[in-house]
Amino acid sequence: MKSTNSRREFIKQASMGAGVAGLSAMGFSAKSYAKIIGANDRVRVGIVGFSNRFRGSLFPAFMNHAKAQNFEFVAVSDLWNRRRDEAYAYAKEKAGIEIAKYRNNDELFPRTDVDAVIISTADFQHALIAADAVRHGKDVYVEKPMAESIEDAKTLRKAVEETGKILQVGSQRRSAPNYIAANEYIRSGKFGDIKMVEMTWNVNQPGRWRLPELTKEIREKDTDWNRFLMNRPKVAWNPRYYLEYRLFWPYSSGIFGQWMAHQIDTVHWFTDLPHPRSVVANGGIYMWNDGRINPDTLTAVMDYGPANDPTKGFQVQYSSRFTNSAGGVKELYFSNAGSLNLDTNEVTSEGGLTQRMADQMGMKENLLEPFTLSNAAKIETSANTGSDPMTSLHMLNWMECVRNRKKPNADVVAGYNHSVANIMGHTAYETGKRVTFDDEKQEVVVS
Numbered sequence: 013m014k015s016t017n018s019r020r021e022f023i024k025q026a027s028m029g030a031g032v033a034g035l036s037a038m039g040f041s042a043k044s045y046a047k048i049i050g051a052n053d054r055v056r057v058g059i060v061g062f063s064n065r066f067r068g069s070l071f072p073a074f075m076n077h078a079k080a081q082n083f084e085f086v087a088v089s090d091l092w093n094r095r096r097d098e099a100y101a102y103a104k105e106k107a108g109i110e111i112a113k114y115r116n117n118d119e120l121f122p123r124t125d126v127d128a129v130i131i132s133t134a135d136f137q138h139a140l141i142a143a144d145a146v147r148h149g150k151d152v153y154v155e156k157p158m159a160e161s162i163e164d165a166k167t168l169r170k171a172v173e174e175t176g177k178i179l180q181v182g183s184q185r186r187s188a189p190n191y192i193a194a195n196e197y198i199r200s201g202k203f204g205d206i207k208m209v210e211m212t213w214n215v216n217q218p219g220r221w222r223l224p225e226l227t228k229e230i231r232e233k234d235t236d237w238n239r240f241l242m243n244r245p246k247v248a249w250n251p252r253y254y255l256e257y258r259l260f261w262p263y264s265s266g267i268f269g270q271w272m273a274h275q276i277d278t279v280h281w282f283t284d285l286p287h288p289r290s291v292v293a294n295g296g297i298y299m300w301n302d303g304r305i306n307p308d309t310l311t312a313v314m315d316y317g318p319a320n321d322p323t324k325g326f327q328v329q330y331s332s333r334f335t336n337s338a339g340g341v342k343e344l345y346f347s348n349a350g351s352l353n354l355d356t357n358e359v360t361s362e363g364g365l366t367q368r369m370a371d372q373m374g375m376k377e378n379l380l381e382p383f384t385l386s387n388a389a390k391i392e393t394s395a396n397t398g399s400d401p402m403t404s405l406h407m408l409n410w411m412e413c414v415r416n417r418k419k420p421n422a423d424v425v426a427g428y429n430h431s432v433a434n435i436m437g438h439t440a441y442e443t444g445k446r447v448t449f450d451d452e453k454q455e456v457v458v459s
């Protein structure tokens with residue numbers, strides 16, 4: 013139950029006269045106070061898409077903090093009747109709550125007593141669903157990638173800017189203490205200028221993003237295929253597109269949107285650079301010829317730096333494969349003085365300029381002082397994240413920002429920027445050409 017002394021009652025009283033003076037004395041106008049959710053108000057949240065990601069990671073992350081933050085799930089919207097029923101049963105089993113079931117967002121979003129939603133649908137749907145949600149007055153937690161097209165990204169950014177609603181993108185590294193410590197360290201200048209970044213995400217998983225049994229069980233009549241397609245081309249029913257969408261463009265860019273989105277976001281965060289100056293990419297389906305469209309192996313090389321100064325900058329090399337897991341998941345930053353390893357959380361002088369090499373040119377050595385970020389941050393994590401403490405911390409940050417009306421760690425601008433980088437990478441892969449971004453027109457340019 014909501015507190016009887018709720019935010020809504022306070023505003024009602026304030027609008028009657030004496031309360032306005034009280035608000036002014038506290039430094040609030042009635043309008044600004046109306047944006048703040050009181051500590052005693054329960055925040056009612058809807059689930060949009062009862063996905064495996066939601067079930068395995070977002071739900072437990074939410075429940076870790078729901079009681080302390082006074083948040084609760086009240087509804088689910090999913091196009092597939094099976095997922096709606098599963099969400100209802102899961103919430104009842106795990107949290108002892110009964111949630112309302114809706115066939116689509118046109119039924120859920122008009123509910124004025126739903127304050128926020130968590131969106132975990134197919135990749136290409138994230139931006140437009142989130143834009144619809146904020147236009148209906150909801151705060152949003154939306155899974156990454158934020159968008160799979162520039163136009164969809166623009167639509168969501170505009171909706172958030174115009175409504176002022178809180179939107180957190182699921183780039184959970186931004187809420188992890190070791191990554192926060194890395195950001196502070198690089199910004200301090202102690203690391204030196206970044207000269208190279210190497211990122212990998214390697215697995216050997218023929219079943220990654222595959223759901224062969226489920227695709228046999230789903231029936232078109234049990235879902236809403238037309239709604240699922242949204243603004244994508246209208247095609248005949250395909251259960252693999254519906255459930256294994258990560259393997260098929262234009263429903264997902266695959267590795268770019270799923271994995272590079274997480275890792276490239278740290279580059280933007282640490283440097284304040286919004287996107288690459290240019291991208292080239294190559295790859296293909298070299299082993300898992302199971303009908304997929306998106307590659308099982310790719311490499312993208314990105315040039316980063318100030319748009320107006322080509323003499324400054326650094327290169328990012330991103331590679332990922334499904335065919336061999338050697339090397340695992342890595343995020344390595346290099347300066348002239350050494351290395352920052354965000355898998356081990358260690359700063360070392362490895363690769364730095366030694367005195368012997370410096371002497372050849374009459375220079376001084378340039379070597380970092382080694383230390384461990386996880387000690388400074390009091391947490392141990394690795395680059396390979398999913399259902400882990402990072403997601404829980406990121407969910408907590410969103411909850412606190414919803415209640416206090418503050419900017420979340422991974423806001424719509426962060427989401428827009430990683431979407432631009434992903435789209436540039438995917439376009440470079442598809443065309444085989446060098447890709448840049450026109451900041452004035454906000455569009456991808458193929459050279």
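Residue numbers for the sequence shown, in our numbering: 13 to 459. Here a beta-carbon is modelled for each residue, glycine too, at the ideal position from N, C-alpha and C.
Beta-carbon proximity of residue i to residue j, cut-off 7 angstroms
{"i": "G437", "j": "A312", "result": "yes"}
{"i": "V291", "j": "M272", "result": "no"}
{"i": "T212", "j": "S331", "result": "yes"}
{"i": "T235", "j": "L91", "result": "yes"}
{"i": "A143", "j": "V154", "result": "no"}
{"i": "W237", "j": "W249", "result": "yes"}
{"i": "P157", "j": "G269", "result": "yes"}
Unbroken alpha helix (DSSP H) run spanning residue i, endpoints
{"i": "T167", "result": "I162 to T175"}
{"i": "E84", "result": "Where E84 is concerned, there is no enclosing alpha helix (DSSP H), although the beta strand (DSSP E) it sits in stretches over F83 to S89."}
{"i": "A107", "result": "N93 to A107"}
{"i": "Q275", "result": "A273 to T283"}
{"i": "L226", "result": "P224 to E229"}
Collapsed DSSP secondary structure at residue i in the structure displayed
{"i": "V341", "result": "strand"}
{"i": "S265", "result": "coil"}
{"i": "D315", "result": "strand"}
{"i": "V447", "result": "strand"}
{"i": "Y441", "result": "helix"}
{"i": "R20", "result": "The predicted model places R20 with a pLDDT of 44, which falls under 50 and marks its position as unreliable, so this point remains unresolved."}
{"i": "V456", "result": "strand"}
{"i": "Y254", "result": "helix"}
{"i": "L408", "result": "helix"}
{"i": "A159", "result": "coil"}
{"i": "N214", "result": "strand"}
{"i": "V425", "result": "helix"}
{"i": "L259", "result": "helix"}
{"i": "M373", "result": "coil"}
{"i": "V209", "result": "strand"}
{"i": "S347", "result": "strand"}
{"i": "S290", "result": "strand"}
{"i": "N320", "result": "coil"}
{"i": "E392", "result": "In this prediction, E392 scores a pLDDT of 49, lower than 50, which makes its location untrustworthy; the coordinate-derived value is nonetheless stated afterwards. E392 falls in the coil class under three-state DSSP."}
Residues that residue i bridges to, as DSSP identifies them
{"i": "Y191", "result": "Answer is none; Y191 lacks a bridge partner."}
{"i": "D151", "result": "A128"}
{"i": "T384", "result": "E358"}
{"i": "G363", "result": "DSSP, once it has assigned bridges, lists no residue as partnering G363."}
{"i": "F240", "result": "DSSP, once it has assigned bridges, lists no residue as partnering F240."}
{"i": "K69", "result": "The sequence as given places Ser at residue 69; Lys does not occur at that position. The partner list for S69 (beta bridge, DSSP) is empty, contrary to what the question assumes."}
{"i": "Y197", "result": "Paired residue(s): none; Y197 is not in a bridge."}
{"i": "T309", "result": "G296 and R333"}
Best match in the options for proximity to residue i [C-alpha to C-alpha]
{"i": "N214", "options": "G317, G340 and K202", "result": "G340"}
{"i": "D321", "options": "R289, F346 and F334", "result": "R289"}
{"i": "R446", "options": "T278, V457 and V432", "result": "V457"}
{"i": "A171", "options": "F449, E442, Y428 and Q454", "result": "Y428"}
{"i": "P218", "options": "D90, W300, V60 and L140", "result": "W300"}
{"i": "R220", "options": "T356, A87, T124 and Y257", "result": "Y257"}
{"i": "L259", "options": "G317, F383 and R222", "result": "R222"}
{"i": "L408", "options": "N76, R54, V55 and E160", "result": "N76"}
{"i": "V88", "options": "P72, E110 and A78", "result": "E110"}
{"i": "N434", "options": "G266, T366, G444 and L285", "result": "G266"}
{"i": "F66", "options": "S404, V359 and Q275", "result": "S404"}
For residue i, the first and last residue of its enclosing beta strand (DSSP E)
{"i": "Q327", "result": "F326 to R333"}
{"i": "I59", "result": "V55 to V60"}
{"i": "K419", "result": "Note, K419: premise wrong, no beta strand (DSSP E); not H, not E."}
{"i": "L120", "result": "Unbroken run through L120 is the alpha helix (DSSP H), N117 to L120; no beta strand (DSSP E)."}
{"i": "Q137", "result": "Premise fails: Q137 is in no beta strand (DSSP E) and is neither H nor E."}
{"i": "G204", "result": "Taken as a continuous stretch (DSSP letters only), G204 belongs to no beta strand (DSSP E), as it is neither H nor E."}
{"i": "K246", "result": "Unbroken run through K246: none, as it is neither H nor E."}
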